[in-house]
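**Q**
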Amino acid sequence: MAAVPTAHNAAKEGEIAKTVLLPGDPLRAKFIADTYLEDVTCFNTVRNMLGFTGTYHGKRVSVMGSGMGMPSIGIYSYELYHFYQVDRIIRIGSAGGISDKVKLRDLVIGMGASTNSNYAAQYNLPGTFAPLADYGLLRRAVEAAEAAGIPVAVGNILSSDVFYHADKTFNDRWKEMGVLCVEMEAAALYLNAAYAGKQALCMLTISDHLYTGEALPAEERQTSFHDMMRVALELA
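Going by this note's numbering, the sequence shown opens with residue 337, and the numbers climb by one from there.
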């Protein structure tokens, strides 16, 4: 094991579970720990990127913020996989709806993560790599959602480096290709998982829709995504 703690994570060896839920917002991580976990300990407060470990129905699980964007989740997921020996990371985040097939509060699972990011360039691959979810986690997530009566859309999502895009036709062209929604982290997580030989899955709740103009307030984004949280916790 590499030396821990790291510059970004104060956890000591053994303080993080093999399964980590990774919301972007550290306050969402705290909400999950307070609401769903028992016997909770806080393993990280560095940069206010809160991290907690506890149990859910007797299973040990950790939850930690990842921050916004691929550089941020790239750091945290890399360290979790390589330094803390985490086996699986489940991103639980918010997304902007693109497809007419999704609406506000819908649960979406990213089977693949298209991207405009240059994150994969570091691997010097002789072609274009397709960042994909772990199929085992994806299948279990769909089964858990169906068992709970929670509708879920599975397909291609977009991980964008840009939130306020200068090209106003940007989303239109992704929509034409059947992309369900846009977020900012999944592609880097899937690439890190592939490089580490580990498991990753991105689950998203539609917090706003880019074509209808509907949007949830910030507080509800932190605390109301219960369907997504419960499905993710079942994968621990």
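Cβ coordinates follow ideal geometry from the N, Cα and C atoms, glycine included.
In this text, all values refer to a predicted model and were calculated from it rather than measured experimentally.
Nearest CA to the CA of residue 386: which residue from 562, 449, 432 and 362?
**A** 362
**Q** In three-state terms, what does DSSP make of residue 371?
**A** helix
**Q** Assign residue 395 to one of three DSSP states: helix, strand, or coil.
**A** strand
**Q** Rounded to the nearest angstrom, what separates residue 401 and residue 365 at their Cα positions?
**A** 6 Å
**Q** Using the Cα positions of residue 493 and residue 377, report the straight-line distance between them to the nearest angstrom.
**A** Computed Cα separation, rounded: 33 Å.
**Q** Is residue 421 helix, strand or coil by DSSP?
**A** Look at residue 421 here: in three-state DSSP terms it is coil, with no helix or strand label.
**Q** Taking Cβ positions, are residue 445 and residue 539 nearer each other than 9 Å?
**A** yes
**Q** Can you name the start and end residues of the beta strand (DSSP E) that residue 340 belongs to?
**A** Segment: none, residue 340 is in no beta strand (DSSP E) and carries neither H nor E.
**Q** Quick one: using the 10 Å Cβ neighbour count with 16 as the cut-off for buried, is residue 337 buried or exposed?
**A** Reliability fails at residue 337, whose pLDDT of 49 lies under 50, so the model's placement of it is uncertain and the value that follows must be treated cautiously. Exposed, because fewer than 16 other Cβ atoms sit within 10 Å of the Cβ of residue 337.
**Q** Compare the beta carbon distance of residue 440 and residue 555 with 9 Å and say whether it is the shorter of the two.
**A** no
**Q** Mind checking which residues open and close the alpha helix (DSSP H) that includes residue 563?
**A** Residue 563 -> alpha helix (DSSP H) spans 562 to 569.
**Q** Apart from the five residues just before and just after residue 412, which ones in its own chain have a Cβ nearer than 6 Å to its Cβ?
**A** 402
**Q** If you draw a straight line from the alpha carbon of residue 534 to that of residue 557, how long is it in whole angstroms?
**A** Taking C-alpha positions only, residue 534 is separated from residue 557 by approximately 28 Å.
**Q** Cα separation between residue 471 and residue 449?
**A** 14 Å
**Q** Return yes when at least one heavy atom of the ligand ATP lies under 8 Å from the C-beta of residue 422, else no.
**A** Among the ligands in the structure shown, none appear at all, so the ligand ATP cannot be discussed.
**Q** With DSSP run on the structure shown, which of helix, strand or coil describes residue 410?
**A** helix
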